[in-house]
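Everything on this sheet refers to the single structure shown next.
Protein chains in written order, with this note's numbering: chain P, 283 to 599; chain U, 14 to 309; chain Z, 5 to 563.
What follows is the structure, encoded as structure tokens:
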């Protein structure tokens, strides 16, 4: 088991290294005019030239990559071009916000989806199953910003129950912050519900159909015990994998939702830095998102391995 | 990459051997008899018709007829209302299908072609090529689709719709290549491949002329599944401002332009949104049907 | 007229009034200036209120009445929404959101009010020398910075030196350099300009939004203002700042303009206009910095909100390349201009929130604008005839612009009008980062960036108190914002006369001549001037929007 974990960490590190190379490579395709980016289109050419001279931006690429990478290892993610502050100063609060939203969305979405999938699986082929599946497909078919807009319209404006932006004012207590996060979390729940429920449902059907389940029933165990002890554990294995991937999406992939709700998370920061051509900030942000994803999948893999006896005891790899 | 399944549920590799004509037309007939698939095909067909013949279906010119009363709610005269520029929203929604029906399939075709090629290469050659490519793919897949898209679009510097199509195609390549690779791995062990090798055929020939026809099934399934995702992705990118710009009647561009006015002019946003939803649902219904038929 | 008044005036003429002021008074007396223009000129020359009043009485005009503001209750914290912006350092300011925030704790020497008059602010008076190449400013006494220190000439000098320094965005270095600004006493600052400039006081107002007066110790190091807490003289001082996200400010009790009614200000940055509008609608903010007329419209007849519209000289320039491409023939350009039905366009695109333009930068409310120029009107027949004469009957070109507020709608409307004249116009709508960037990135900026180089581009220009900026940077051959590449030596010569003339008749004459030339050459179509529109919750009292995006909260209260 330890060997497995070590191997996985090793793989993750290699992936991380490759990611940094790819991100850096993409960012250098576009040298851009640093001075112009900072001062904006209406500045005079002489001020732009003066600023460029001051910042000194013409070194060989390998040297720049090395500086950047070694800086990274020491925890320096670079400096934002437009604001001239360390990138981490901007990324850290944004990351915190994204994690908060991901957590709230996770806590609502996952249980609801799993329950939906379990029920659909138990009532396989029946009306409830069809209903849940179709609802899932329909909501999943709408891009998240579409779902978000409709929810804003209904709950934020027509009914006025929930605030339309997700950013709670500074210093709000936990409950207020959660209230502000409800609309985006609900949006995400609707978007992901279909997907997670479907996996769970498939897992349920497979598990219900399998040998060990039949054995359990034949042994005379009551239905609820069978489901709880045997079926769920095996049905949920693929669900864990899928949910883990979604966490990666929930932390960095919510650009459209964050734009819609003006939520100051890392997706919005990446989007803004792309529009402003603030390349150091963009690359730093992208890298952070990648790191979060790798960490989460690493944890998911370990979790999966612990739950899956075949891997735990080293027979399947 | 990991012991856990790949990021999305890929269908179990279908080891379909050379299919006879009869088998193929049998599948087609089965497909067309599934009610959900039929609905999907009908809806898609409707939008394709609108995209091809906007002149026939649109009561008003979606771009130039802008002398109508502005910001009118839906009524008998204007079933979807009018926008702030005095254009008929119904005509614009019908005409807007063209944009997405051009870009999304283009993106998927690019992704499928590249992904298939990559999958064939990695699946056939295995070894170092496969390992190294695999690690690169892992790295790229560590980022959410939209982040990668933003990164590429920014690097390219332009955000025209063809750049968007290319970007989405590139992003789908790794995932599609994985599926193809899995299928190729299974095929590569079989006799006819060994025979070809012994005959002295060169690898490109083996890959494209021998193996490819036999892995078409999963490729077709991937294509239809990715199409739904592509529409999704293109719409999202357009919505946040990369891609087609207003005043194009493209659905996501309309939402981008008018969702500021969602209160009180909800109709300018709702109908394009429902249009997107209808197309994605239909594509997914067809994709599901195709997948079921091929996995039988 | 009573003897006292006459005595005051004669005294003034004899002692304080320089030749310029005497000129002014002559014009007033001879009836060449009307009251409005006199006020404008007089304030520009820093005539004291007393002198102005006396002079007006001298010519039989009623005295100035000072508007009484709405009575407001003290207390409350206003929540303001601004569009996301870049750096807040004064010398780097270049976008609305950032300058709006910086302009709350930061203030300027003078103030260009909504009527395009420059009035005292941190400076109480100013005088030019004979040819307006040296300006002497008197500073207000007893103005306290947020750190408790009093503002003196040393602070002004240090700040100004930073703004004409390297890498500054203020656009002041063509007018004076670091050695040209000096202190002449604790409350007196002297500017020695490189060339005479009649409108210099306007340049020291908030329309040069970089020119915030900082404490000398902070101004000495460019880039230190934000880190040291944005110390300025404004009605509110910075309490906390989360870059790119939000800021909190509290009342500056020792504010020179009187204790502000509000306890504090909470600023939130919004990415994109939709969240801003929705937040105002949902009651999460009290005031939005700016909304387009279309966005502001739903707030108009709603008792929970207030709608504001301020006429400004802000306008859109449809620049057409005069040196190359299908639009280089002036007849073709005039044809395009003649295709547009301006009043109808204004009603449709801007919902009437503006004033039609005449293809010149001379806004009606500029004192120097000569109102006798004929307004261009739609004339499709003439347009077609011109196209025929220029052999351009199958004219086809693209309008390039970016997706901001109603730019695309504006371009689409021109496209529709052009169609009536048989011209085929395509729209190239870019993302902002492409429109204002070199193409390809890294190439020489001036010669490759779309907004300055496309055959036809549509760009918005912000509000100013005088048209100087537009003339020197957009129309003159040496201008760096000259997107139409317009080079007309005759025009440049007249423009130079205008820029240097401190007296109104010369300026008016120049303006009339320039208008004539521009109507003939039409390098730029200015089809309308824009009202600055915004909205707030109905709780907000006494708010007057300022045309270049500042939010002025010193006298605002919450019901």
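Each residue gets a CB set at the ideal place from its N, CA and C atoms; glycine is no exception. As the structure is a prediction and not an experimental result, all values here were calculated from the model.
Query                                                                                                                                                                        : Result
Answer with buried or exposed for residue 293 (chain Z), where buried requires no fewer than 16 other C-beta atoms within 10 angstroms of its C-beta.                        : buried
Indicate whether at least one CB of chain Z lies closer than 9 Å to the CB of residue 10 (chain U).                                                                          : Nothing about residue 10 (chain U) can be read from this structure; chain U reaches only from 14 to 309.
Taking 9 Å as the cut-off, decide whether the C-beta atoms of residue 145 (chain Z) and residue 191 (chain Z) are in contact.                                                : yes
With DSSP collapsed to three states, give me the class of residue 158 (chain Z).                                                                                             : helix
In chain U, which residues lie less than 7 Å from residue 541 (chain P) when you measure between Cβ atoms?                                                                   : 253
Would you mind sorting residue 94 (chain Z) into buried or exposed? The rule is 16 or more other CB atoms within 10 Å of its CB.                                             : buried
By the 7 Å beta-carbon criterion, what residues does the stretch 350–367 of chain P contribute toward chain A?                                                               : The structure shown has no chain A; the protein chains it does contain are P, U and Z.
Here's the rule I'm using: 16 or more other beta-carbon atoms within 10 Å means buried, otherwise exposed. How should residue 493 (chain P) be labelled?                     : exposed
Around the C-beta of residue 476 (chain Z), are 16 or more other C-beta atoms found within 10 angstroms, so that it is buried, or is it exposed?                             : buried
Using a Cβ-Cβ cut-off of 9 Å, state whether residue 285 (chain Z) counts as contacting chain U.                                                                              : yes
I'd like the span of the beta strand (DSSP E) that includes residue 543 (chain P), first residue to last.                                                                    : Residue 543 (chain P) -> no beta strand (DSSP E), and no H or E assigned at all.
Take residue 359 (chain P) and list the residues in its own chain whose beta-carbon comes closer than 6 Å to its own, dropping the five residues that flank it on each side. : 369, 370, 566
Which partner residues of residue 434 (chain Z) appear in the DSSP bridge assignment?                                                                                        : Z:406
Which residues bound the alpha helix (DSSP H) around residue 257 (chain U)?                                                                                                  : From DSSP, residue 257 (chain U) is part of no alpha helix (DSSP H); its letter is neither H nor E.
Could you give the distance in angstroms between the alpha-carbon of residue 210 (chain Z) and the alpha-carbon of residue 328 (chain Z)?                                    : 37 Å
Could you check how far apart the C-beta atoms of residue 264 (chain U) and residue 113 (chain U) are, in whole angstroms? I think they sit under 8 Å.                       : 6 Å
So, is residue 399 (chain P) buried or exposed, given that buried needs 16 or more other C-beta atoms within 10 angstroms?                                                   : buried
Residue 360 (chain Z) to residue 258 (chain U), Cα distance in whole Å?                                                                                                      : 27 Å
Determine, for residue 272 (chain U), whether the minimum Cβ-Cβ distance to residues of chain P falls below 9 Å.                                                             : yes
Chain Z beta carbons: is any one of them nearer than 9 Å to that of residue 329 (chain P)?                                                                                   : yes
Just how far apart, CA to CA, sit residue 130 (chain Z) and residue 509 (chain Z)?                                                                                           : 21 Å
Based on the DSSP output, what are the partners of residue 196 (chain Z) in its beta bridges?                                                                                : Z:138
Starting from residue 547 (chain Z) and walking both ways along the alpha helix (DSSP H), at which residues does that stretch end?                                           : Per DSSP, residue 547 (chain Z) belongs to no alpha helix (DSSP H) and is neither H nor E.
Quick one: is residue 186 (chain U) near chain P, going by C-beta distance under 9 Å?                                                                                        : no
DSSP three-state call for residue 323 (chain Z): helix, strand or coil?                                                                                                      : strand
In this structure, how does DSSP classify residue 468 (chain Z) when only helix, strand and coil are distinguished?                                                          : coil
Quick one: is residue 572 (chain P) near chain Z, going by C-beta distance under 9 Å?                                                                                        : no
Output yes if chain Z places a C-beta closer than 9 Å to the C-beta of residue 439 (chain P); else output no.                                                                : yes
Report the rounded CA-to-CA distance for residue 442 (chain P) versus residue 436 (chain P), giving the unit in angstroms.                                                   : 8 Å
Report the neighbours of residue 258 (chain U) on chain Z: residues whose CB is nearer than 9 Å to its CB, in chain order.                                                   : 406, 407, 412, 431, 432, 433, 434, 435
Can you give the beta carbon distance from residue 176 (chain Z) to residue 239 (chain Z), rounded, assuming they're within the 8 Å contact cut?                             : With 8 Å as the limit, residue 176 (chain Z) and residue 239 (chain Z) do not qualify as a contact, their Cβ atoms being about 25 Å apart.
In whole angstroms, what is the alpha-carbon distance linking residue 547 (chain Z) and residue 114 (chain Z)?                                                               : 19 Å
When DSSP builds the beta bridges, which residues end up paired with residue 349 (chain P)?                                                                                  : Per DSSP, none; premise fails for residue 349 (chain P).
Are the C-beta of residue 431 (chain P) and some C-beta of chain U separated by less than 9 Å?                                                                               : yes
Going by DSSP, what residues sit across from residue 101 (chain U) in a beta bridge?                                                                                         : U:95
Cβ closer than 7 Å: which chain P residues qualify as neighbours of residue 297 (chain U)?                                                                                   : 419, 423
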